[in-house]
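In what follows, a structure is listed as structure tokens, so that the remarks can point back to it.
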Amino acid sequence: MSQLVARDERTVHDDKHGSEVDDLGALIRDDIDEQERPSRRRRRRKRSRLVPILAALVAVGIGVGAVLFARDLFSGFGEVPDYTGSGTENVAVRVSQGDTISDIAVTLEEAGVVKSARAFTDAAQENEQSKSIQPGLYSLRKEMKASIALEAMLDPSSIQTFKVTLPEGLTVEQILTRLSEATGAPVEQLEAALADRANLGLPAWAPADIPNLEGFLHPGTYDFDPETTPMQMIQALVSQFTAVATQTGLEQKAAAVGQSPYNVLIIASLIEREVKHDDERGKVAQVIYNRLAKPMPLQIDAATSYGAGKPGNELTTADLQDQSNPYNLRVLPGLTPTPIASVSDKSLQAALNPTDGTWIYYVVNSADGHHAFVTTDEEFLAAKAECQKNGWC
52 MSQLVARDER
62 TVHDDKHGSE
72 VDDLGALIRD
82 DIDEQERPSR
92 RRRRRKRSRL
102 VPILAALVAV
112 GIGVGAVLFA
122 RDLFSGFGEV
132 PDYTGSGTEN
142 VAVRVSQGDT
152 ISDIAVTLEE
162 AGVVKSARAF
172 TDAAQENEQS
182 KSIQPGLYSL
192 RKEMKASIAL
202 EAMLDPSSIQ
212 TFKVTLPEGL
222 TVEQILTRLS
232 EATGAPVEQL
242 EAALADRANL
252 GLPAWAPADI
262 PNLEGFLHPG
272 TYDFDPETTP
282 MQMIQALVSQ
292 FTAVATQTGL
302 EQKAAAVGQS
312 PYNVLIIASL
322 IEREVKHDDE
332 RGKVAQVIYN
342 RLAKPMPLQI
352 DAATSYGAGK
362 PGNELTTADL
372 QDQSNPYNLR
382 VLPGLTPTPI
392 ASVSDKSLQA
402 ALNPTDGTWI
412 YYVVNSADGH
422 HAFVTTDEEF
432 LAAKAECQKN
442 GWC
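Just so you know, our numbering puts 262 at position 211 of the sequence shown, and the rest follows in order with no gaps.
Structure follows, in structure tokens:
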């Protein structure tokens, strides 16, 4: 029993001793840790500052490498492809209405004029006048330096254009003759195009059974090129008339003067052939309406001349009495079957907006072609005598 107790006491002693040793070791380690902690913290702070710096250096290195790689990879594509000379063989290139510089550049590249569309757009960016390139067919050359091609397109002589001026008051026959002379299109082909009424774009109110298209070919200046067909020429003239008729409100306003749109066009053509001065158009229109209201013949010799197929100064007494001429307004009442000429915008406006008055007659009363507008027969006879006395009529 005593041995057992003694052994237990030693065990307890040993346990206490071991515990004390462990505690002492822990204290030593803690002391050592306390001594080491400041240096560790300093090392950690140093590492924390080095991380972003190293990351930045790595990023810069990668970026520089990428630039150098890209430079080596694309070194062959640094220059925009462009020809160096003024060109070789001739080529025609069309610029359409609404084309942008980019559109034109692509067209030129496809036609072999410039080596790349980019070369042309770069040249255009350096030249403010590039914005003035007009639609049309251009005579250029293949393999042109882009800047030279641009200069050529800015030269009006490069555009292959036929400019045709059609004055007001021309007949269809006269218009076709002028178109043929200016463009080289045969009159027969122009007549064939004119006969294809379904494709001309005539306004819906145009009578289907009219014998001719007088009045529907609008006067003005037109630009055509060698590739414009006779049909396209006629369509252009009809399209311009339709645009003007729409702008003036012809179809809507005709009823206000008691006429159909087509009859207003006829009246406008009579005004066109009778008047030289703009300030008289509305008065002549009113005389026509006053005579139609009476009713009495309009007695407009320009219409009689049209039907007889001869100039007014060549009309004979027989011509003035010829009732077989449907355009003879000397003897026949009402309006002519068709207009007798192309009309200006001003004559069309006058036919829609006559000047208010009671006039029945107008007689030339000056050397420059002005008229006296009168109401009674007595005033008419006096004005006529004055006209004859001075040799104005």
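For every residue, glycine included, the Cβ atom is placed at its ideal position computed from N, Cα and C.
Best match in the options for proximity to residue i [C-alpha to C-alpha]
i: E429; options: C444, E242, A236, W410; result: W410
i: N178; options: E242, M204, T158; result: M204
i: S137; options: S147, E194, A170; result: E194
i: R324; options: A434, K397, A168; result: K397
i: V165; options: K304, L366, E140, I391; result: E140
i: D133; options: L403, S198, I339; result: S198
i: C438; options: T427, P186, G420; result: G420
i: K304; options: Q400, A344, G333, R229; result: Q400
i: T389; options: A294, G300, A259; result: A259
i: L288; options: E219, G187, N379; result: E219
i: L221; options: T368, P362, L432; result: P362
i: T172; options: I152, E224, A433; result: I152
i: P405; options: V142, V238, T367, G309; result: G309
i: I445; options: A423, M282, Y313, I351; result: Missing from the structure shown is residue 445; the chain here goes from 52 to 444 and no further.
i: S190; options: L201, V142, D373, M284; result: V142
i: A200; options: G358, I285, L159; result: L159
i: V414; options: A434, P377, D330; result: A434
i: T293; options: P254, D370, E331; result: P254
i: Q225; options: A168, G360, Y378; result: G360
i: T355; options: N341, D370, P346; result: D370
i: E202; options: V223, L217, Q176; result: Q176
Euclidean distance between Cα positions of residue i and residue j
i: I155; j: L227; result: 33 Å
i: P270; j: A246; result: 19 Å
i: E365; j: V144; result: 50 Å
i: T297; j: S417; result: 36 Å
i: G385; j: D150; result: 50 Å
i: S209; j: L264; result: 35 Å
i: G127; j: S147; result: Interpretation of G127 is limited by its pLDDT of 42, a score under 50 that renders its predicted location unreliable; no figure is taken from the coordinates.
i: L124; j: K196; result: Note that L124 has pLDDT 41, beneath the 50 cutoff, so the model's placement of it is unreliable and the number below is only indicative. Looking at the two C-alpha atoms, the distance is approximately 27 Å.
i: N250; j: I318; result: 26 Å
i: K445; j: T299; result: Given that the chain is displayed from residue 52 to residue 444, the structure contains no residue 445 and the question cannot be resolved.
i: A307; j: T272; result: 32 Å
i: F431; j: L343; result: 18 Å
i: S183; j: L268; result: 29 Å
i: V295; j: D407; result: 24 Å
i: V102; j: A170; result: Because V102 sits at a pLDDT of 49, beneath the cut-off of 50, its placement in the model cannot be relied upon, and the point is left open.
i: F213; j: T234; result: 6 Å
i: Y357; j: V215; result: 24 Å
i: Q374; j: T279; result: 42 Å
i: K440; j: P348; result: 26 Å
i: V131; j: P207; result: 28 Å
i: Q240; j: E161; result: 33 Å
i: D330; j: A174; result: 52 Å
Residue range of the unbroken alpha helix (DSSP H) whose run includes residue i
i: V308; result: From DSSP, V308 is part of no alpha helix (DSSP H); its letter is neither H nor E.
i: L157; result: Looking at the sequence itself, residue 157 is Val, so the reference to Leu does not match. Where V157 is concerned, the enclosing alpha helix (DSSP H) stretches over 152 to 161.
i: R229; result: 223 to 234
i: D274; result: Element bounds for D274: not the alpha helix (DSSP H) but the beta strand (DSSP E), 271 to 275.
i: T172; result: 168 to 176
i: M204; result: 197 to 204
i: L15; result: What is shown of the chain runs 52 to 444, which leaves residue 15 out entirely.
i: V164; result: Neither: V164 is in no alpha helix (DSSP H) and is coded neither H nor E.
i: Q439; result: 428 to 440
i: G333; result: 332 to 344
i: T368; result: 368 to 372
Opening and closing residue of the beta strand (DSSP E) in which residue i lies
i: Y134; result: First-last for Y134: undefined, no H or E at that position.
i: G358; result: Not the beta strand (DSSP E): G358 falls in the alpha helix (DSSP H), residues 352 to 359.
i: A423; result: 422 to 425
i: F213; result: 213 to 217
i: G408; result: Premise fails: G408 is in no beta strand (DSSP E) and is neither H nor E.
8 Å contact criterion, which residue i and residue j should meet: CB distance rounded
i: A243; j: A336; result: So it is not a contact: roughly 36 Å between Cβ atoms.
i: P277; j: Q185; result: Not a contact, Cβ separation roughly 16 Å.
i: V394; j: L316; result: 7 Å
i: R391; j: S311; result: The displayed chain sequence assigns Ile, not Arg, to residue 391. With a Cβ gap of about 17 Å, I391 and S311 do not count as contacting.
According to DSSP, residues forming a beta bridge with residue i
i: I285; result: I285 pairs with nothing; no bridge assigned.
i: V146; result: G187
i: V415; result: H422
i: N141; result: R192
i: I210; result: Y189
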